[in-house]
Amino acid sequence: MALLEVEDLVVQFYTEDGVVRAVDGISYEIERGEHLALVGESGAGKTVTSLALLGLIEDPGEIVGGEIRFRGRNILECSDSELRSLRGNEIAMVFQDPETALNPVYSVGEQIAEAIRAHRDVTDEQARRRTVELLERVGVSDAEHRYADYPHEFSGGQQQRIVIAMALSCEPDLLICDEPTTALDVTVEAQILELLEELVEEFETAIQFVSHDLGVVAERCDRVLVVYAGQVVERASVDDLYYDPKHPYTVGLMASIPRLGADRDRLPTIPGAAPDLIDPPTGCRFHPRCPYAESCCATREPSLVDAETGTTATPLEAAPTAHLAACHEYTGALEDGLDYDVVVSGEDEGRGESE
Amino acid sequence: MSDDEPLLRVEGLEKEYAAADGLLDRLFGSGRTVTAVDGVDLEVREGETLGLVGESGCGKSSLARSLLRLTEPTAGTVSYRGTDLTALSRSELRAVRTNVQYVPQNPGASLNPRLTVRDIVGEPLEVHDVVPPSERDARVRDLLETVGLAPGHAERYPHEFSGGQQQRLAIARALAVEPEFVVWDEPVSSLDVSVQAQILNLLADLQDEFGLSYLFIAHDLSVVAHVAERVAVMYLGKIVDVGPTEAVFDDPSHPYTAALRSAIPEPDPRWEGDRIVLEGTVPAPSDCPSGCRFHTRCPRVLSPAEYDLASDTVRAIRRLRKRLADAGNGLESVLAAPTTDENVPAAIRDEFDIPPELEDDDAERVLADALESVATGEIDDGRARLASAFATPCETDRPRLEPVGGDGDRSIACHRFDDAYADHLPNDSETRTSER
Numbered sequence: 001m002a003l004l005e006v007e008d009l010v011v012q013f014y015t016e017d018g019v020v021r022a023v024d025g026i027s028y029e030i031e032r033g034e035h036l037a038l039v040g041e042s043g044a045g046k047t048v049t050s051l052a053l054l055g056l057i058e059d060p061g062e063i064v065g066g067e068i069r070f071r072g073r074n075i076l077e078c079s080d081s082e083l084r085s086l087r088g089n090e091i092a093m094v095f096q097d098p099e100t101a102l103n104p105v106y107s108v109g110e111q112i113a114e115a116i117r118a119h120r121d122v123t124d125e126q127a128r129r130r131t132v133e134l135l136e137r138v139g140v141s142d143a144e145h146r147y148a149d150y151p152h153e154f155s156g157g158q159q160q161r162i163v164i165a166m167a168l169s170c171e172p173d174l175l176i177c178d179e180p181t182t183a184l185d186v187t188v189e190a191q192i193l194e195l196l197e198e199l200v201e202e203f204e205t206a207i208q209f210v211s212h213d214l215g216v217v218a219e220r221c222d223r224v225l226v227v228y229a230g231q232v233v234e235r236a237s238v239d240d241l242y243y244d245p246k247h248p249y250t251v252g253l254m255a256s257i258p259r260l261g262a263d264r265d266r267l268p269t270i271p272g273a274a275p276d277l278i279d280p281p282t283g284c285r286f287h288p289r290c291p292y293a294e295s296c297c298a299t300r301e302p303s304l305v306d307a308e309t310g311t312t313a314t315p316l317e318a319a320p321t322a323h324l325a326a327c328h329e330y331t332g333a334l335e336d337g338l339d340y341d342v343v344v345s346g347e348d349e350g351r352g353e354s355e
Numbered sequence: 001m002s003d004d005e006p007l008l009r010v011e012g013l014e015k016e017y018a019a020a021d022g023l024l025d026r027l028f029g030s031g032r033t034v035t036a037v038d039g040v041d042l043e044v045r046e047g048e049t050l051g052l053v054g055e056s057g058c059g060k061s062s063l064a065r066s067l068l069r070l071t072e073p074t075a076g077t078v079s080y081r082g083t084d085l086t087a088l089s090r091s092e093l094r095a096v097r098t099n100v101q102y103v104p105q106n107p108g109a110s111l112n113p114r115l116t117v118r119d120i121v122g123e124p125l126e127v128h129d130v131v132p133p134s135e136r137d138a139r140v141r142d143l144l145e146t147v148g149l150a151p152g153h154a155e156r157y158p159h160e161f162s163g164g165q166q167q168r169l170a171i172a173r174a175l176a177v178e179p180e181f182v183v184w185d186e187p188v189s190s191l192d193v194s195v196q197a198q199i200l201n202l203l204a205d206l207q208d209e210f211g212l213s214y215l216f217i218a219h220d221l222s223v224v225a226h227v228a229e230r231v232a233v234m235y236l237g238k239i240v241d242v243g244p245t246e247a248v249f250d251d252p253s254h255p256y257t258a259a260l261r262s263a264i265p266e267p268d269p270r271w272e273g274d275r276i277v278l279e280g281t282v283p284a285p286s287d288c289p290s291g292c293r294f295h296t297r298c299p300r301v302l303s304p305a306e307y308d309l310a311s312d313t314v315r316a317i318r319r320l321r322k323r324l325a326d327a328g329n330g331l332e333s334v335l336a337a338p339t340t341d342e343n344v345p346a347a348i349r350d351e352f353d354i355p356p357e358l359e360d361d362d363a364e365r366v367l368a369d370a371l372e373s374v375a376t377g378e379i380d381d382g383r384a385r386l387a388s389a390f391a392t393p394c395e396t397d398r399p400r401l402e403p404v405g406g407d408g409d410r411s412i413a414c415h416r417f418d419d420a421y422a423d424h425l426p427n428d429s430e431t432r433t434s435e436r
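Protein chains in written order, with UniProt numbering: chain L, 1 to 355; chain X, 1 to 436.
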């Protein structure tokens, strides 16, 4: 049994304009110690999926279907107190913006110690000592003195280190990182990612990594889910995804990254914008933007299939390493098929070679 | 070097802000200042895109804003087509603004939420009287089409648009006065890659169509490398590296440029390169390091001339010196874990990753003496010995932005590229020959 199994998750938000189905039948699993990435444009449902795991979907949102099984137990059936003992203890989260994740009126040490006291049977002094250790571990120098400092007295990178210390304070089995370095400079990003990697290795933590940065994902994750308009359109190991993407959306996403050393005048783009989820396109949701769309794409919704065999595959039943994609190409329904070249790295020597 | 005069020439530009720490400072003024831009020289040539990169807080936006006099620069000159912008009166400056436009960082915050798109894009037309009132609406619709929005969007409000569309609105507003030169401050930093690609292509199209020149500010090096013909790298208020894009991102370069370049996550799972991870963050401008401003984080500081040491060793000793300089007079401030007296020198070496024995005998003697002093409690003595013996020119001498290579198009501010410091290159420097 996988550490986490999400099956057919559906999350809706009720707005003045209508019902927004932000997550529409997403299924995936995360093994112990695995790093899984959720990739997609803003509004694709990555963050909503992550919040659902922690039971943090609030009004006007609602989980209307599916199951989230953590170690076999359905989180959606947990009581509030059961959820509280799970949150921060077995599943923890690192948010995108550390400044808003930290409470400005409590010292950083106190905020971490509070999490430890909530989940562990410790004295105040033990919680304090553990906090100082954690702060030192994440690279806050002079931790003993900085325990009493407030979040605004730290730089953005330091704040993110503190959030990571807090998330790891109870040695969770699953850490959800929602764009953990998007707000940071590349130099600080490199420091934080390296720290995260060291720590999760030490604690054998599994990571659900939410990001739109395909560079970060390539380096830090084992498998990737590509999410579009609330649905999974492709699932593959990192290597397969970058060297042999199967879904036209994934191909478009990869091609639009500017790469050092690649001498291109124009960047290939995906035309149009992400669809309105109140009234999503019929058939394949990507068809209005897809350069290979044919008439069947507008009428029939493609289901996830094994891209090699073309047989319908549900993510939880298929082998974890199977390459799944939701495109009519793999069931033979497209007449003209897909036609694209994949170039992984730029011309620049010494910065990686393509095949 | 192009034959003709550049479109924009910035010389010795400085911007100081008053530092105010508390209420009293704010009431009476502390007299202290923070220098955000410190003597920047820069050129933008006609029709080119100059990229400006650096970490947050290095003064990129201050530079952009003060060169357009959106904040008043403290010193220096900015000549635009031969006119010194810093000497213009307000009304003269207003006339120049039809040629020079600035697009601020966050489009969501720079678009007035209570104005319709027609008013937002039409306002510059009115202020600068670009087209007669009767033609303004038609002009707004044209502009919206130019940036890829529907003319029918003119009656909408900014919040009805996505982030990418808001950026297009900001672009349309800047283009309304038909400028020649546009300063883009992080135009794509808040956008998804797919939208980012659309906006970058749009900027390139506009540049071709209208013959525009750009100053393009971004912290994302791969974006800058894509759009810019030349790149300037900024660190703590100074330009440390400038030249044609390919040359800047290729070796040899300023150690800071090399670190920035290597920090970009590579979108290739099979990439196996060495990553230079810089220590710490940009120091606060109020606490600016002496000598080369980058020396506190630089992975490649010069070694003291009298010794022959590897750069790792130089850095390790420097960390120890810094700790001693900051430390009180107790041993615990130098060593985290307590140890018995005779082990102190070894423990210190271990803590700071200093080899058990230095490769240079003279250096080893000085270090061993200093550690002995520290171990016996004479921390002051050890501090003084180390401070005088292991000084590097990077801490004391300020590097100047000097041309490197033959054609004078590339300039780097680093002592490594200065022949006067040849003796100081660490003994493992692979660039001994190639850098000069």
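Just so it is clear, CB atoms sit at the ideal spot from N, CA and C, and this is done for glycine as well.
Tell whether a beta-carbon distance below 9 Å holds between valine 282/X and leucine 236/X.
-> yes
Please check if any C-beta of chain L sits within less than 9 Å of the C-beta of asparagine 201/X.
-> Answer yes: the Cβ-Cβ gap between asparagine 201/X and chain L drops below 9 Å somewhere.
Can you tell me where the beta strand (DSSP E) with valine 11/L in it begins and where it stops?
-> 4–15
Going along the chain, which residues of its own chain have a beta-carbon closer than 8 Å to the beta-carbon of threonine 15/L, five neighbours each way excluded?
-> For threonine 15/L, where only same-chain residues beyond five positions count, the Cβ hits under 8 Å are Pro60 and Ile278.
Step through the CB atoms of chain L and report whether any lies within less than 9 Å of the CB of glutamate 11/X.
-> no
Mind listing which residues of the segment 246–260 of chain X have their C-beta closer than 7 Å to chain L's C-betas, in chain order?
-> Phe249, Ala259 and Leu260
What residue does the alpha helix (DSSP H) around glutamine 198/X start on, and which one ends it?
-> 193–210
Interface residues of chain X around isoleucine 257/L at Cβ under 9 Å?
-> Result: Val193, Gln196, Ala197, Ser222 and Pro267.
Helix, strand or coil for aspartate 348/L, going by three-state DSSP, please let me know.
-> Unreliable placement is indicated for aspartate 348/L, whose pLDDT of 41 sits below 50; the coordinate value is still reported in the next sentence. Of the three classes helix, strand and coil, the one that applies to aspartate 348/L here is coil, per DSSP.
Please classify aspartate 306/L: does DSSP put it in a helix, a strand, or coil?
-> strand
Given a cut-off of 9 Å, decide if serine 42/L and histidine 212/L are closer than it, judged by their beta-carbon atoms.
-> yes
Distance, valine 117/X Cα to valine 78/X Cα | 33 Å
Under 8 Å between beta-carbons, which chain X residues line up against leucine 253/L? List them in chain order, please.
-> By Cβ distance, chain X contributes Val193 and Ser194.
Going by other Cβ atoms of all chains shown within 10 Å of its Cβ, with 16 needed for buried, is methionine 254/L buried or exposed?
-> Buried, because 16 or more other Cβ atoms sit within 10 Å of the Cβ of methionine 254/L.
Within-9 Å CB hit, glycine 59/X to chain L | Chain L, which has no Cβ nearer than 9 Å to the Cβ of glycine 59/X, makes this no.
With 16 other CB atoms within 10 Å as the buried threshold, where does leucine 144/X fall?
-> buried
Start and end of the alpha helix (DSSP H) containing leucine 125/X?
-> 117–127
Report, in whole angstroms, the separation of the C-beta atoms of arginine 223/L and leucine 36/L, which I expect to be a contact under 8 Å.
-> 5 Å
Kindly indicate the opening and closing residues of the alpha helix (DSSP H) around proline 255/X.
-> Per DSSP, proline 255/X belongs to the alpha helix (DSSP H) from 255–263.
Leucine 8/X: first and last residue of the uninterrupted alpha helix (DSSP H) it sits in = Where leucine 8/X is concerned, there is no enclosing alpha helix (DSSP H), although the beta strand (DSSP E) it sits in stretches over 8–18.
In three-state DSSP terms, what is alanine 243/L?
-> Here residue 243/L turns out to be tyrosine, not alanine, going by the sequence shown. In this structure, tyrosine 243/L counts as helix in the three-state DSSP scheme.
Cβ atoms of valine 23/L and glycine 230/L: under 9 Å apart, would you say?
-> yes
Rounded separation between leucine 200/X and glycine 164/X - CA only | Between leucine 200/X and glycine 164/X, the C-alpha separation is close to 11 Å.
Chain-order list of residues whose beta-carbon lies under 8 Å from that of isoleucine 120/X (same chain, five-residue window excluded) = For isoleucine 120/X, where only same-chain residues beyond five positions count, the Cβ hits under 8 Å are Leu111, Asn112, Pro158, Leu169 and Arg173.
Taking Cβ to Cβ, would you say glutamate 99/L is nearer than 9 Å to glycine 25/L?
-> no
Touching by the beta-carbon criterion (3+ pairs, under 8 Å), the segment 46–58 of chain X and the segment 223–243 of chain X | yes
Skipping 5 residues on each side, what residues in its chain have a beta carbon closer than 6 Å to that of arginine 410/X?
-> Excluding sequence neighbours, arginine 410/X sits near Gly243, Ala247 and Val404.
Take isoleucine 68/L and list the residues in its own chain whose beta-carbon comes closer than 7 Å to its own, dropping the five residues that flank it on each side.
-> Val6, Leu9, Ala52, Leu53, Asn74, Ile75 and Leu76
Compute the minimum distance between the beta carbon of leucine 88/X and the heavy atoms of the ligand PLP, and state whether it is under 8 Å.
-> Ligands displayed in this structure: none; no statement on the ligand PLP is therefore possible.
Helix or strand or just coil, what does DSSP make of glutamate 171/L?
-> coil
Identify the residues that DSSP records as bridge partners of serine 91/X: which are they?
-> Paired residues: none, contrary to the question.
Spatial neighbours of glycine 350/L within its chain, please: CB distance less than 6 Å, with the 5 preceding and 5 following residues excluded, ordered by chain position.
-> The pLDDT assigned to glycine 350/L is 37, lower than 50, so where the model puts this residue is not dependable, and the model offers no usable value.
Determine, using beta carbons only, whether histidine 226/X comes closer than 9 Å to chain L.
-> Yes - at least one Cβ of chain L is within 9 Å of the one on histidine 226/X.
Considering only C-alpha positions, which residue in the set Pro245/L, Gln159/L, Ala326/L and Glu294/L is nearest to aspartate 97/L?
-> Nearest Cα to aspartate 97/L within the set Pro245/L, Gln159/L, Ala326/L and Glu294/L: Gln159/L.
Give the residues of chain X in contact with isoleucine 270/L, contact being defined as C-beta atoms less than 7 Å apart.
-> Scanning chain X for C-beta atoms nearer than 7 Å to the C-beta of isoleucine 270/L yields Ser194, reported in chain order.
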